[in-house]
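Trainee: Protein chains in written order, with our numbering: chain A, 1 to 154; chain B, 1001 to 1431; chain C, 2001 to 2480.
I'd like to ask some things about the structure below.
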Amino acid sequence: MRHLIPEFEKMKARYPAGFESSLVLPCLRRIQDDRGFVADSDIDGLVAYLGVPRVQVEEVLSFYTQLRRKPIGRWHVQTCRNVSCSMRGAERLIDHLRKKLGVAPGETTADGRFTLSTVECLGSCGTAPVVMLNDAYHENMSAEKVDALLGGLE
Amino acid sequence: MGGRKLLMTFPVTATSHTLADYRARGGYETLAKVLREKKPEDVTKEVAASGLQGRGGAAFPVGRKWQVVHLDDGQPHYLCANADEGEPGTFKDRWILENAPHLLLESMLISSYALQVRNAFVYIRGEFDLPYRRLAAAVEEAYEAGYFGTDILGSPFACDIVVYRGAGSYVCGEASALITSIEGKRGYPRNRPPRLTVKGLYQKPTVINNVESLSNVTGIVRDGAEAFKKVGTPKAPGTRLFSVSGHINKPGVYEVEGGYPFADFLRNELGGMLGGRKLKAVIPGGISAKVLTAAEIEPLPLDQPVFEAAGSTLGSGGMIVIAEGTCMVRLLQVMLRFYHHESCGQCTPCREGMGWLHRVIDRIVAGEGRLEDIETMHHVSRWNDGTTICGMGDAAGYATVAILEKFRDEFEYWIANKRSKCNGVLEVGNA
Amino acid sequence: MPEIFIDGQAIQAEPDQTVLQAALANGIFIPYFCWHPHLSVHGNCRICVVEVEAKGGSWLDISCNMPVTEGMHVLTDSEEVRAQRKAILQFVTLNHPVDCGICDKAGECTLQDYHFAYNGSPSISRDAKVHATKFFDLSKRIVLDNERCILCSRCVRFTREISKSHALGIENRADHSLVRPAEDRRFDDDPYSDNVIDICPVGALLSKQFLYKARVWYLEPTPSVCPGCERGCAVQIWHRRPEWRLNALDPRQNAEIARVTPLENPAVNGPWICNKGRDLARIFERARAEQPMLKGKPVELAAAIDAARRLIDEARHAVALVSNWGSNEELAAFKQALAGRFAASFVKRDRQPEPGERIEDDFLIRADKNPNTAGARALFDDAPAALPDGADLVLVWGEGCDFGRLPRGAKTVFLGSYLAPENGHADVFIPVSIQTERRGSYTNFAGTVSPFEPCFAKKPSVADAETLFAALAQRERATA
Ligand SMILES: Cc1cc2nc3c(=O)[nH]c(=O)nc-3n(C[C@H](O)[C@H](O)[C@H](O)COP(=O)(O)O)c2cc1C
Ligand code: SF4
Ligand code: SF4
Ligand code: SF4
Ligand code: FES
Ligand code: FES
């Protein structure tokens, strides 16, 4: 985490003084982007850097669903299953992905390539069903399209 | 086509979101004029006179909220644009973030001037990727052009902005939870009083408005409150962005002038029902709005007071259109799973109630329902009514009761026959 | 002073009060779980709901976060309020195990009390309860039962606002939320941690020392003063009620400290104490000296007193080391009866900080680990580094004396309470009672005098210092 401190310093410049606590969430996001998850040593580093109570960081990590403390597969396949997506075939799509990847939501394939997750509404209901592959939205998905999407990945 | 437009006034192209294009459309001229010619309180007066109502869900008058802030209280004030867009069925703010980020930024600058805000924030949901990148790029463009920072456009006005990304929590769209989240903590909503305009971010007066609400400010200040009030209906002036999804041919984001008939909207803009199906019901304003049956909604104009009188709301403008053949039991199951997942767990009725409702509906769907379960769900919902810290428990309760009441036969059928009256289907029309 | 009306009764409220505070201050009870008079308002349990009546209609809201406003009308027992309270109790008990039969909190549990007072009806739920961790190791001293926890956040707020250890938090969300300690286990080092056991409204936080030791209704509290440092926190020492004396089982339990809890005293400790104050058994239940002795030879108490009196009579240059664990009354008795007979009387510091103990902080804990230094100093001088060489008799009262450094050849009279090698070397050893066996008072560092009451009876062979001093002062034995 230490190597990110220059970036954190830049980020801090646009916050008012006394907003150190606010940096917890953006720093954790940045750490996760960097490492793929937030390690215990990152928590220690962040606590020392920001001077916030450790328990605050632990609470935040457990509260926000995007943050994680364990590594996952190289490709994170997150499929929306809220109302609008389900109305346009998300449930069938999830079944398809389960079979295709051979894992249940929340699990990672044995080769460490894919982690399958279900998520609630991604704010893209007009182009349902939606699959989020790592950071990017893929909209109007179908079994065929998802096959094509995942087919080309390492 | 849905009446006059105030926001979707330009063709979307590969560059329409950039500063250059925005300027070509007259962008940041209103800011310059305001800084040159207007006092902060004049701006607030104009916004109040326009009758602009919040577009985040509660339809609270924007000007009334702003007027609580005392400009000379010697404290810092903060402004947050709510771009959390978490209400299922809602994706309209995303349109603004992706296609008109500078409209939001100019509006926030004008609003910050009105409220004497030195530091403004946009709280954007963590999953949004393109909207975030577009907005962040626009912020950099705006800084470079001197719209943010100090001595903005040669005036003494100074303002900084931070785009703050969430990390996966629906409740953080609730204004006080949003503030707790920007404070770097778990997103717990707060009790009122104190109001956020009295004690908000770091206990300082804070105004939170939805992205769409704020984006209307530039136009109102540019063209005047009177011009704005000429659009829409007297009690709900202006236009609304509707994000429409579900069993229709042309889902998407539409700007509609208040008062436009729903039936015309469905036929003309939305391209009618998928596969020519019949309309069964509509959830008009995000899943937390009470469902309306086809018969209830078909005669209505898209006007907030009218929808309130009909027992629902246009809420966040997230309209979910449901075709005949859809199983409302399964639909409620999906909703309750969501609420259970998203309850922050802070206050007793919602923390315990959401899990309770979710377990009961799962049991009904598993064929182990009892008739009294319907009563239990009614109780649990009602016990959340007005008894929670934030609006989530309430809203989940209203939404549940509406579906239970209007489609009770489907629940009774499933309980009696251990299967769906509609084959448990949510996806209809294109299959 | 705003006037408000609660259940029709006019009440003069303080302007900064909430409705809950105004009601409680005027003898009207509104139930509360999460509210605590010394913690910030979180308003999460929702049990303190009241009905506000206004022209346009009435509404329910929580009273712990409701500021009083002039002329407002509030109902605390309307049909609506009663119904909503029942509803909240339905929610609170939904996933609560209701295992009161094996819960240490039973008998003093807010949830039990409220359920009895406001609900009384069984759960309408037919679904299995959500299970959570039982016996979670929260700290060296505390176990947590997450199933019993009602997530009121009092314990969390305590560590943030009072002890400032920031050692507890709430993880996850919805009904998966769990109270958890910071992973660096700093709660182990929070010297005030056990207060969370008291403020937990249910039996979720349990003292490991007290776990399954007693049903609280067999116990009674005696007001006392913690002797752990010169703060002198007011405490309750809990012990077996006389009417529930154990005869068949180990009867020693009848005279044991079951637990120690704070006694609220705004002038000294507020409602809190430190963990040392919880551990008074470690001080008071050390092996007791109960046998009077002359140079290690057991004698009757009367014989030991005679011998001590004779030594005092005969001494030409007697010096006394008085105990700063003596009560004000004992110290005064010594001064009045004996001080004139001693060339000098000095205050001894009976106890020093123990290894690992927090020395002092800006909350309660003070560096002087004795309860009555201030009371003793008001009457006697501080002990010098070395006693005068000419002393031919030293009376040592209490612990903490290095006998090796007493003037050579001086006789010793030792008044002690615990077994120690020195006892047998003293020319006269007289066992004396301890704080839990007598009445008295201490003066704390700030001059506040706090009384304590006896919990247990002393043994007949043990003297009370206060009467002992009078006996030692008699010059000629009338009966000799
Ligand atoms: C559970 C919950 C979630 C909410 N989510 C959002 C949201 O994602 N976006 C939003 O603008 N408002 C949301 N709101 C409404 C906000 O609390 C607030 O009323 C709104 O942002 C105020 O802006 P407006 O007056 O301009 O509408 C939510 C409210 C609740 C109770
Ligand atoms: S209503 Fe639900 S989401 Fe809102 S504060 Fe209470 S528990 Fe949290
Ligand atoms: S452990 Fe006790 S004090 Fe802490 S949150 Fe749970 S019920 Fe409240
Ligand atoms: S602070 Fe001092 S007096 Fe108070 S409980 Fe602790 S040791 Fe005892
Ligand atoms: S329901 Fe899937 S994106 Fe909204
Ligand atoms: S005591 Fe008021 S909400 Fe808990």
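Backbone N, C-alpha and C define an ideal beta-carbon position, used for all residues, glycine too.
On a predicted model such as this, the values are computed, not experimentally measured, just so you know.
Identify the residues that DSSP records as bridge partners of K2348/C: which are they?
Mentor: As a first step, residue 2348/C must be located in the third sequence, where it is residue number 348. According to DSSP, which records beta bridges pairwise, K2348/C is partnered with S2323/C.
Trainee: Express the C-alpha separation of P2388/C and A2318/C in angstroms, rounding to a whole number.
Mentor: Mapped onto the third sequence, residue 2318/C falls at position 318. Mapped onto the third sequence, residue 2388/C falls at position 388. Each residue's Cα considered, the two are about 10 Å apart.
Trainee: Can you list, in chain order, the residues of its chain with a C-beta nearer than 7 Å to that of A1431/B? Leave out the 5 residues immediately preceding and following it.
Mentor: The sequence position of residue 1431/B within the second sequence is 431, counting from 1. Because A1431/B carries a pLDDT of 45, less than 50, the predicted location of this residue cannot be relied on, and the following value inherits that uncertainty. Within the same chain, A1431/B has no close Cβ partners at all.
Trainee: Using only the heavy atoms of ligand 2, determine whether one of them is closer than 7 Å to the beta carbon of C1347/B.
Mentor: As a position in the second sequence, residue 1347/B is number 347, starting the count at 1. Yes, the beta carbon of C1347/B sits closer than 7 Å to at least one heavy atom of ligand 2.
Trainee: Thinking just about the alpha-carbon of each residue, which of R2310/C, R2154/C, N2065/C and D2145/C is nearest to the one in S1193/B?
Mentor: Position 193 of the second sequence, counting from 1, holds the residue named residue 1193/B. First, the residue type needs correcting, since residue 1193/B is Pro and not Ser in the sequence shown. The candidate whose alpha carbon is nearest that of P1193/B is N2065/C.
Trainee: Closer than 7 Å: is that where the CB of I1389/B sits relative to any heavy atom of ligand 2?
Mentor: As a first step, residue 1389/B is located in the second sequence; it is residue number 389 there, counting from the start. Indeed, a heavy atom of ligand 2 lies less than 7 Å from the Cβ.
Trainee: At 4 residues or longer, what runs of the alpha helix (DSSP H) sit wholly inside the region 2385-2466 of chain C?
Mentor: With a minimum length of 4 residues, the continuous alpha helix (DSSP H) runs that stay inside the region 2385-2466 of chain C are 2421-2425.
Trainee: Within the present structure, is the beta-carbon of L1336/B separated from the nearest heavy atom of ligand 5 by less than 7 Å?
Mentor: Taking the first residue of the second sequence as 1, we reach residue 1336/B at position 336. L1336/B: no, Cβ never under 7 Å from ligand 5.
Trainee: Could you check which residue in T1150/B, S1343/B, R1064/B and G1317/B has the C-alpha nearest to that of D1093/B?
Mentor: Walking along the second sequence from the start, residue 1093/B turns up at place 93. That would be G1317/B, whose Cα lies nearest to the Cα of D1093/B.
Trainee: Nearest-angstrom Cα distance between P2002/C and L2024/C?
Mentor: Locating residue 2002/C in the third sequence gives position 2, where the first residue counts as 1. Locating residue 2024/C in the third sequence gives position 24, where the first residue counts as 1. P2002/C and L2024/C: Cα-Cα distance of roughly 16 Å.
Trainee: Could you please give the first and the last residue of the uninterrupted beta strand (DSSP E) stretch that includes T79/A?
Mentor: Locating residue 79/A in the first sequence gives position 79, counting from the first residue. From DSSP, the beta strand (DSSP E) with T79/A extends over W75 to C80.
Trainee: Comparing the CB of I2142/C with every heavy atom of ligand 3, is any distance shorter than 7 Å?
Mentor: Residue mapping note: residue 2142/C aligns to position 142 of the third sequence, counting from 1. Every heavy atom of ligand 3 is 7 Å or more from the Cβ of I2142/C, so no.
Trainee: Name, going along the chain, the residues of the region 73-98 of chain A whose beta-carbon falls closer than 8 Å to a beta-carbon of chain C.
Mentor: The residues in question: there are none.
Trainee: Given this structure, state the Cα-to-Cα distance separating R2085/C from Q1304/B, to the nearest angstrom.
Mentor: Sequence index remark: in the third sequence, residue 2085/C carries index 85 (1-based). Sequence index remark: in the second sequence, residue 1304/B carries index 304 (1-based). For R2085/C and Q1304/B, the distance between alpha carbons rounds to 34 Å.
Trainee: Within the 8 Å Cβ cut-off, does E2003/C reach chain A?
Mentor: Within the third sequence, numbered from 1, the residue matching residue 2003/C stands at position 3. It does not: the Cβ of E2003/C has no partner Cβ on chain A nearer than 8 Å.
Trainee: Bridge partners for P978/B per DSSP, in chain order?
Mentor: There is simply no residue 978/B to check, as chain B begins at 1001 and stops at 1431 in what is shown.
Trainee: Using a Cβ-Cβ distance cut-off of 8 Å, determine whether G2057/C contacts chain A.
Mentor: Along the third sequence, read from residue 1 onward, the residue named residue 2057/C stands at position 57. Output row for G2057/C: interface = no.
Trainee: Which residues in chain B sit within 8 Å of N2324/C, going by Cβ to Cβ distance?
Mentor: The residue you call residue 2324/C lines up with position 324 of the third sequence. The premise fails here: N2324/C is roughly 46 Å from chain B at the closest Cβ pair, so nothing lies under 8 Å.
Trainee: State the start and end residues of the unbroken beta strand (DSSP E) segment that holds S2058/C.
Mentor: Locating residue 2058/C in the third sequence gives position 58, where the first residue counts as 1. G2057 to I2062 is the extent of the beta strand (DSSP E) around S2058/C.
Trainee: Quick check on DSSP: helix, strand or coil for A2478/C?
Mentor: Counted from its first residue, the third sequence places residue 2478/C at position 478. Residue placement at A2478/C is poorly supported in this model, since its pLDDT is 46, which falls under 50; the coordinates still yield a value, given next. Note: A2478/C maps to coil in three-state DSSP.
Trainee: Going by C-alpha distance, which of T2069/C, N2044/C and E2329/C is nearest E2053/C?
Mentor: One-based indexing of the third sequence puts residue 2053/C at position 53. Checking every option, the nearest Cα to that of E2053/C belongs to T2069/C.
Trainee: Let me see if you follow: with CB-CB separation under 8 Å, is T115/A close to chain B or not?
Mentor: Position 115 of the first sequence, counted from the first residue, corresponds to residue 115/A. With 8 Å as the cut-off, T115/A does not count as an interface residue toward chain B.
Trainee: Determine contact between the region 1394-1404 of chain B and the region 1284-1293 of chain B, defined as no fewer than three beta-carbon pairs at a distance below 8 Å.
Mentor: Enough Cβ pairs lie closer than 8 Å, so yes.
Trainee: Helix, strand or coil for H2166/C per DSSP?
Mentor: Here residue 2166/C is taken as the residue at index 166 of the third sequence, counted from 1. Coil at H2166/C, not helix or strand.
Trainee: Please compile the residues from chain C whose C-beta is within a distance smaller than 8 Å of the C-beta of V119/A.
Mentor: As a first step, residue 119/A must be located in the first sequence, where it is residue number 119. Simply none; closest approach about 15 Å.
Trainee: Tell me which residues share the same chain as K1065/B and place their Cβ nearer than 8 Å to its Cβ, disregarding the 5 neighbours each side in the sequence.
Mentor: Along the second sequence, one-based indexing puts residue 1065/B at 65. Cβ within range, chain order: G1054, T1197, V1207 and N1209.
Trainee: DSSP on I2197/C, reduced to helix/strand/coil?
Mentor: For the purposes of this step, residue 2197/C is identified with residue 197 of the third sequence, where counting begins at 1. Residue state, collapsed to three classes: helix.
Trainee: Considering only their Cβ atoms, is the gap separating C121/A from P1088/B smaller than 8 Å?
Mentor: As a first step, residue 1088/B must be located in the second sequence, where it is residue number 88. As a first step, residue 121/A must be located in the first sequence, where it is residue number 121. Cβ distance < 8 Å, so P1088/B and C121/A count as in contact.
Trainee: Is P26/A helix, strand or coil by DSSP?
Mentor: As a position in the first sequence, residue 26/A is number 26, starting the count at 1. Three-state result, P26/A: helix.
Trainee: Secondary structure at G2024/C, three-state DSSP: helix, strand or coil?
Mentor: If you number the third sequence from 1, residue 2024/C lands on position 24. Here residue 2024/C turns out to be Leu, not Gly, going by the sequence shown. Three-state result, L2024/C: helix.
Trainee: Please list, following the chain, all residues that have a C-beta closer than 5 Å to any non-hydrogen atom of ligand 5.
Mentor: Result: C80/A, N82/A, S84/A, C85/A, C121/A, L122/A, S124/A, C125/A and V130/A.
Trainee: Between V2347/C and A2376/C, is the Cβ-Cβ spacing less than 8 Å?
Mentor: On the third sequence, residue 2347/C is found 347 positions in, with the first residue counted as 1. On the third sequence, residue 2376/C is found 376 positions in, with the first residue counted as 1. Closer than 8 Å, so yes.
Trainee: Let me know the secondary structure DSSP gives K1280/B once reduced to three states.
Mentor: Taking the second sequence and counting its residues from 1, one reaches residue 1280/B at position 280. In the structure shown, K1280/B sits in a strand (DSSP, three-state: E or B).
Trainee: So, under 8 Å CB-CB, L1153/B and L1035/B are touching, yes? Tell me the CB distance rounded to an integer number of Å.
Mentor: As a working mapping, residue 1153/B is identified with position 153 in the second sequence. As a working mapping, residue 1035/B is identified with position 35 in the second sequence. That pair is a contact at about 5 Å.
Trainee: Say the cut is 7 Å; is the CB of A1309/B nearer than that to a heavy atom of ligand 3?
Mentor: Here the question's residue 1309/B lines up with position 309 in the second sequence. False, no ligand heavy atom lies under 7 Å from that Cβ.
Trainee: Would C1172/B count as contacting chain C if we go by Cβ distances under 8 Å?
Mentor: In the second sequence, the residue the question calls residue 1172/B occupies position 172. No, its Cβ sits nowhere closer than 8 Å to a Cβ of chain C.
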